[in-house]
Amino acid sequence: MSTKSTALVTGASTGIGAVYADRLAKRGYDLILVARNVQRLQDLAARLTKETGVKVETVQADLTAKQDIAKLEKRLADDKTITLLVNNAGMSVAGNTLEADPDQIEQMLVLNVVAPTRLAKAAAVNFAARKSGGIINIASVTALIPEMFPGAYAGTKSFVITFTQGLATELAPHGVKVQAVLPGATRTEIWERAGKDVNALPQEMVMEVDDMVDASLAGFDQGELITIPSLADVSLWGALESARKALGPHLSLKNSAARYKA
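All you need for our numbering is the position in the sequence shown, starting with 1, plus 594.
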């Protein structure tokens, strides 16, 4: 990845976003760090500036609020120093779909789907015009095993994957790199906020956030469109993609399948 440029990271005050900020600062990026918790942002910014000497700007924003999304869209569209967007901000909700508060589900849809889509679109137009740049969207392995997780959350992450795949095709002629990262269970505060205990999971399933981000950036450096940090045998993902693409010629035909005929 290029240095001497600026990365904008959402959800940067803690967890995955904070580690992305740390790693990108160490690569020489100036940073625009976005989150709701301004004190945490400022503390992180002070540490990174002291340790690395990069310029760090903090932006307090609630990405479930339309006006805050619009503010960042404008920045991403207009600022020619920004070369990388890390769409990390996200949330889960307590309980399964039957139990969850519908207002919280709606808030999750805005944060996990609407905000990253609008931000990625703004960045994509800016980057495509300059024939360079990168967009990293944080998804989740829950999208691949939705039977095991609350459907609304898994659905938002499935959107991120398919959106990223489509966006990558659109941006490829313009020299813009796109990646979707699919973490498994990662030790961050998202669990506690959703009323869950990450320590209740088998600990061989739980990855530390530093390891997750380092693997994800390595995948980005290698040009991966889809990065699953814990996946050792990448041919398994290749097999899934091959099976999906094999469906293509059969998905839209003039006549319905014979098994549906009376």
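Yeah, the Cβ is synthetic: ideal placement off N, Cα and C, and Gly gets one too.
Note down, in chain order, each residue of its chain lying with its Cβ closer than 8 Å to the Cβ of residue 744, except the 5 sequence neighbours on either side.
So the qualifying residues of the chain are 686, 687, 689, 690, 691, 694.
Between which two residues does the alpha helix (DSSP H) containing residue 701 stretch?
From DSSP, the alpha helix (DSSP H) with residue 701 extends over 696-703.
Using three-state DSSP, classify residue 665 as helix, strand or coil.
Here DSSP, grouped into helix, strand and coil, assigns residue 665 to helix.
I'd like to confirm the pairing. Which residues does DSSP put opposite residue 681 in its beta bridges?
731.
Suppose you measure from the CA of residue 807 to the CA of residue 599; what does that come to, to the nearest Å?
Spanning the alpha carbons of residue 807 and residue 599 requires a straight line of approximately 20 Å.
Would you kindly report the start and end of the unbroken alpha helix (DSSP H) that includes residue 815?
Residue 815 -> alpha helix (DSSP H) spans 803-815.
Please state the DSSP three-state secondary structure of residue 656.
In the three-state scheme derived from DSSP, where H, G and I count as helix and E and B as strand, residue 656 is classed as coil.
Tell me which same chain residues have a C-beta within less than 6 Å of the C-beta of residue 751, skipping the five on either side of it?
Hits under 6 Å: 733, 734, 736, 737.
The alpha helix (DSSP H) with residue 642 in it runs from where to where?
632-646 is the extent of the alpha helix (DSSP H) around residue 642.
What whole-angstrom Cβ distance do residue 773 and residue 821 have, given they're in contact under 8 Å?
So it is a contact: roughly 6 Å between Cβ atoms.
With a 10 Å radius around its C-beta and 16 neighbouring C-beta atoms as the bar for buried, classify residue 854 as buried or exposed.
When all chains shown are included, residue 854 counts as exposed.
How would you call residue 640, buried or exposed, if buried means at least 16 neighbouring beta carbons within 10 angstroms?
Counting the other Cβ atoms within 10 Å of the Cβ of residue 640 gives fewer than 16, which makes it exposed.
Spatially closest choice to residue 679 from 777, 701, 720, by CA coordinates:
Among 777, 701, 720, the Cα nearest to that of residue 679 is on 720.
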